[in-house]
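**Q**
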Amino acid sequence: MKKLFLSLILLLVFSSDWLFSQSGMDYPEFEKKLLPFFPEELISDIPKQLPMGSRFAVWGWDVDDFSGDGINDLAFTVKLAQEKKRIVQVYLFVDIDGFLEKVAQFNYEYFELPLEIGIVIRDNSCFVTQKNKEFDWKIDGYRYETGSIFLIDSFSAFRFNNYTRESYRNYNSLLNTDKIFLTRNGDLSFKTNYLTIPSYSRGKLLYHPYNTDATANSVEYVFKGAYYWTGEDDASFSVKSAYCDEYIYFTVDVRDDRLVFPECDTCIGDYLEVWLDINPLDSTGGRFFKLKDKEIELKNKIQKGIYCVKIYPGNFYDKRAFVKEISSTDDIESYQQEATNNIKVASSLKEKGFELKFKIPFSFLGFNSLPLDGKKPYDIGCSFVYCDIDSPWRPEEEKRIASSAFSQNNPSSFGSLIIIPFDKWYGYAQNIYVNDIQKHLIDYGF
Numbered sequence: 022m023k024k025l026f027l028s029l030i031l032l033l034v035f036s037s038d039w040l041f042s043q044s045g046m047d048y049p050e051f052e053k054k055l056l057p058f059f060p061e062e063l064i065s066d067i068p069k070q071l072p073m074g075s076r077f078a079v080w081g082w083d084v085d086d087f088s089g090d091g092i093n094d095l096a097f098t099v100k101l102a103q104e105k106k107r108i109v110q111v112y113l114f115v116d117i118d119g120f121l122e123k124v125a126q127f128n129y130e131y132f133e134l135p136l137e138i139g140i141v142i143r144d145n146s147c148f149v150t151q152k153n154k155e156f157d158w159k160i161d162g163y164r165y166e167t168g169s170i171f172l173i174d175s176f177s178a179f180r181f182n183n184y185t186r187e188s189y190r191n192y193n194s195l196l197n198t199d200k201i202f203l204t205r206n207g208d209l210s211f212k213t214n215y216l217t218i219p220s221y222s223r224g225k226l227l228y229h230p231y232n233t234d235a236t237a238n239s240v241e242y243v244f245k246g247a248y249y250w251t252g253e254d255d256a257s258f259s260v261k262s263a264y265c266d267e268y269i270y271f272t273v274d275v276r277d278d279r280l281v282f283p284e285c286d287t288c289i290g291d292y293l294e295v296w297l298d299i300n301p302l303d304s305t306g307g308r309f310f311k312l313k314d315k316e317i318e319l320k321n322k323i324q325k326g327i328y329c330v331k332i333y334p335g336n337f338y339d340k341r342a343f344v345k346e347i348s349s350t351d352d353i354e355s356y357q358q359e360a361t362n363n364i365k366v367a368s369s370l371k372e373k374g375f376e377l378k379f380k381i382p383f384s385f386l387g388f389n390s391l392p393l394d395g396k397k398p399y400d401i402g403c404s405f406v407y408c409d410i411d412s413p414w415r416p417e418e419e420k421r422i423a424s425s426a427f428s429q430n431n432p433s434s435f436g437s438l439i440i441i442p443f444d445k446w447y448g449y450a451q452n453i454y455v456n457d458i459q460k461h462l463i464d465y466g467f
């Protein structure tokens with residue numbers, strides 16, 4: 022993503038399409054530039070879907086495929102003449118059944134000039150670059166698929182004090198990376214990669230393209246015993262979450278081709294750990310660091326606010342799933358101790374492994390109620406770790422696979438659990454047929 026970011030910035034600086042003037046180009050000139058890419062009948066579809074009766078200039082554009090059908094699509098930016106705010110409109114058009122259809126229209130705010138909102142289509146995505154301020158850039162990647170335009174990923178880079186921070190979020194794979202380095206020489210101060218687990222209100226209807234399953238299924242997630250790991254069927258898992266006013270719920274689908282269950286209290290076997298960091302986020306560094314005298318202080322040492330729950334799946338015959346161990350860096354209050362009795366877990370055998378379902382009371386984590394403040398998502402440090410034993414006689418071949426670049430003594434290595442308010446989503450998606458569907462439902466009396 023960093024290479025893409027640099028190429029987009031270079032495009033803004035050196036592309037002749039960006040440097041044609043400081044006032045953009047009018048629409049007739051823009052139409053001429055489209056002739057090598059689209060037949061005239063498709064180009065004639067565009068004006069009917071643009072602001073009618075308003076003077077505007079086109080500042081940037083690109084043609085390529087962001088719908089995955091191998092046919093050219095179109096994206097461009099428009100600045101309305103009467104618009105006094107620093108706003109440009111981004112239009113995305115897709116060739117649908119031989120017509121250029123507008124599938125999205127976004128407003129983006131620029132810092133100094135409209136050309137700071139850049140457009141590049143590549144890798145089946147349309148990337149929109151935005152300069153928020155000096156040394157502060159953001160890239161949003163959009164994709165069209167089966168009637169929906171959605172945000173597939175985003176990248177940001179900004180400077181603070183002597184440092185630069187780069188962050189990448191993929192809303193499809195739920196993979197994230199964060200990196201901090203010294204601006205003057207590029208020396209790396211911090212780097213991590215992890216999965217985000219979005220948690221939605223129970224009963225909320227979830228639909229494509231919103232992804233709810235965070236999946237750890239490659240060697241990058243194996244932080245112990247990678248030499249012995251033979252692939253996804255050997256040891257991997259996916260996790261999804263939901264919440265209500267009192268509990269946080271998890272469903273973990275584990276793939277394991279050789280299940281081992283402990284035969285005694287001291288015997289070894291397969292199990293799952295859930296690590297939670299409930300410490301408040303720093304305004305600049307989030308869960309990873311805080312500023313101290315213009316220097317960053319990494320949150321890489323356990324002090325307080327860390328909880329761990331260790332769960333065994335049982336043997337799917339005469340021993341049910343159970344919580345083996347609960348630990349915390351904090352002194353557990355009496356009400357939290359009582360709440361541990363309400364940690365419930367169940368398991369079921371599947372063709373290539375097993376499924377664990379369990380719930381944890383918010384009160385066990387020290388919350389008086391659901392930790393949502395207004396309409397903002399709530400971020401909790403969270404990593405899942407699956408410990409795979411293929412033979413009780415060879416404990417040295419244990420494999421541990423996690424949802425982050427995990428180290429249990431380093432909270433900044435944890436992944437992320439994001440509690441999403443009921444009317445919010447992790448990412449963005451819009452079905453272009455929603456208005457038509459609503460109209461038909463109303464016509465039919467719904």
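Residue numbers (the numbering used here): 22 to 467.
Each residue gets a CB set at the ideal place from its N, CA and C atoms; glycine is no exception.
It should be emphasised that the depicted structure is a prediction, and the values quoted were computed from it without experimental measurement.
Can you tell me the Cα-Cα spacing of Tyr447 and Cys285, whole angstroms?
**A** Using only the alpha carbons, I get a separation of about 43 Å.
**Q** Return helix, strand or coil for Pro219, following the three-state DSSP convention.
**A** Three-state result, Pro219: strand.
**Q** Alpha carbon to alpha carbon, how far is Leu63 from Leu393? Give it in angstroms, no decimals.
**A** 48 Å
**Q** What three-state label does DSSP hand Thr272 in the structure shown?
**A** strand
**Q** Would you grab the beta carbon distance between Phe171 and Tyr163 for me? Rounded to a whole angstrom, and I think it's under 8 Å.
**A** 7 Å
**Q** Note down, in chain order, each residue of its chain lying with its Cβ closer than 7 Å to the Cβ of Asp144, except the 5 sequence neighbours on either side.
**A** none
**Q** Below 8 Å on the Cβ atoms is my guess for Ser259 versus Thr236; work out the distance and round it to an integer in Å.
**A** A Cβ-Cβ separation of about 4 Å places Ser259 in contact with Thr236 under the 8 Å criterion.
**Q** Taking DSSP as the reference, what is the three-state secondary structure of Ser433?
**A** helix
**Q** Looking at C-beta atoms only, is the number of pairs between the segment 346 to 362 and the segment 308 to 317 that lie closer than 8 Å three or more?
**A** Judged by Cβ distances under 8 Å, the segment 346 to 362 makes no contact with the segment 308 to 317, as fewer than three pairs qualify.
**Q** May I ask you to list the residues that DSSP assigns as paired with Gln324?
**A** Partner(s): none; Gln324 has no beta bridge.
**Q** Comparing C-alpha positions only, which one of Leu121, Phe282 and Leu134 sits nearest to Lys154?
**A** Ranking the options by Cα distance to Lys154, first place goes to Leu134.
**Q** For Glu62, name the three-state secondary structure that DSSP assigns.
**A** helix
**Q** Of all the options Leu438, Glu241, Thr350 and Phe282, which has the alpha carbon lying nearest to the alpha carbon of Tyr399?
**A** Of the candidates Leu438, Glu241, Thr350 and Phe282, the one whose C-alpha sits nearest the C-alpha of Tyr399 is Leu438.
**Q** Starting from the C-beta of Asn452, find all residues in its chain whose C-beta is less than 6 Å away, skip the five residues before and the five after it, and write them out in chain order.
**A** If the five residues before and after Asn452 are omitted, its C-beta is found closer than 6 Å to the C-beta atoms of Gly168 and Ser169, all from its own chain and listed in chain order.
**Q** May I have the straight-line CA-CA distance separating Ser368 from Phe375, to the nearest angstrom?
**A** 7 Å
**Q** State yes or no: is the C-beta of Lys123 within less than 7 Å of the C-beta of Val109?
**A** no
**Q** Answer yes or no: do Phe385 and Gln429 have a C-beta to C-beta separation smaller than 7 Å?
**A** no
**Q** Classify Ser304 as helix, strand or coil using the three-state DSSP reduction.
**A** coil
**Q** Starting from the Cα of Asp274, find the closest Cα among Leu370, Ile353 and Lys69 and give me that residue.
**A** With respect to the C-alpha of Asp274, the residue from Leu370, Ile353 and Lys69 having the closest C-alpha is Leu370.
**Q** With a threshold of 16 other CB atoms inside 10 Å of the CB of Tyr454, please say whether the residue is buried or exposed.
**A** exposed
**Q** Please give the ranges of any beta strand (DSSP E) in the segment 368 to 436, keeping only runs that are unbroken, at least 3 residues long and fully inside the region.
**A** 374 to 382, 399 to 409 and 420 to 423
**Q** Check whether the segment 212 to 223 touches the segment 408 to 425, counting contact only when three or more Cβ pairs, one atom from each stretch, lie closer than 8 Å.
**A** Three or more beta-carbon pairs drawn from the segment 212 to 223 and the segment 408 to 425 are found closer than 8 Å, and the two stretches are therefore classed as touching.
**Q** Pick helix, strand or coil for Ala235, following the three-state DSSP scheme.
**A** strand
**Q** Reducing DSSP to helix, strand and coil, say where Glu294 ends up.
**A** strand
**Q** Measure from the alpha carbon of Val281 to the alpha carbon of each residue in Tyr248, Phe87, Ile140 and Tyr333, then state which is nearest.
**A** Tyr333
**Q** If you count every other CB in all the chains shown that lies within 10 Å of the CB of Ser257, and 16 or more means buried, which is it?
**A** buried
**Q** Which whole-angstrom value describes the C-beta separation of Asn93 and Asp85, a residue pair presumed to lie in contact below a C-beta threshold of 8 Å?
**A** The C-beta distance from Asn93 to Asp85 rounds to 6 Å, short enough to fall under 8 Å.
**Q** Could you please give the first and the last residue of the uninterrupted alpha helix (DSSP H) stretch that includes Phe51?
**A** Tyr48 to Leu55
**Q** If you count every other CB in all the chains shown that lies within 10 Å of the CB of Lys373, and 16 or more means buried, which is it?
**A** Counting C-beta atoms within 10 angstroms of its own C-beta, Lys373 has fewer than 16 neighbours from the protein chains shown and is therefore classed as exposed.
**Q** Does DSSP classify Tyr338 as helix, strand or coil?
**A** coil
**Q** Does DSSP classify Lys345 as helix, strand or coil?
**A** strand
**Q** Can you look up Ser42 in the DSSP assignment and give me helix, strand or coil?
**A** Low confidence applies here, because Ser42 scores a pLDDT of 49, under 50, leaving its location unreliable and the question unanswered by this model.
**Q** Kindly indicate which residue of Pro57, Phe59 and Phe127 has the alpha-carbon position closest to the one of Leu71.
**A** Phe127
**Q** How should Ser42 be labelled, buried or exposed, when 16 other C-beta atoms within 10 angstroms of its C-beta is the threshold for buried?
**A** Note that Ser42 scores 49 on pLDDT, short of 50, meaning its location in the model is unreliable and no value can be drawn from it.
**Q** What did DSSP end up calling Thr204 once you bin it into helix, strand or coil?
**A** The answer is coil: DSSP assigns Thr204 none of H, G, I, E or B.
**Q** Leaving out five residues before and five after Phe58 in sequence, what residues of the same chain have Cβ atoms less than 6 Å from its Cβ?
**A** Val84 and Asn93
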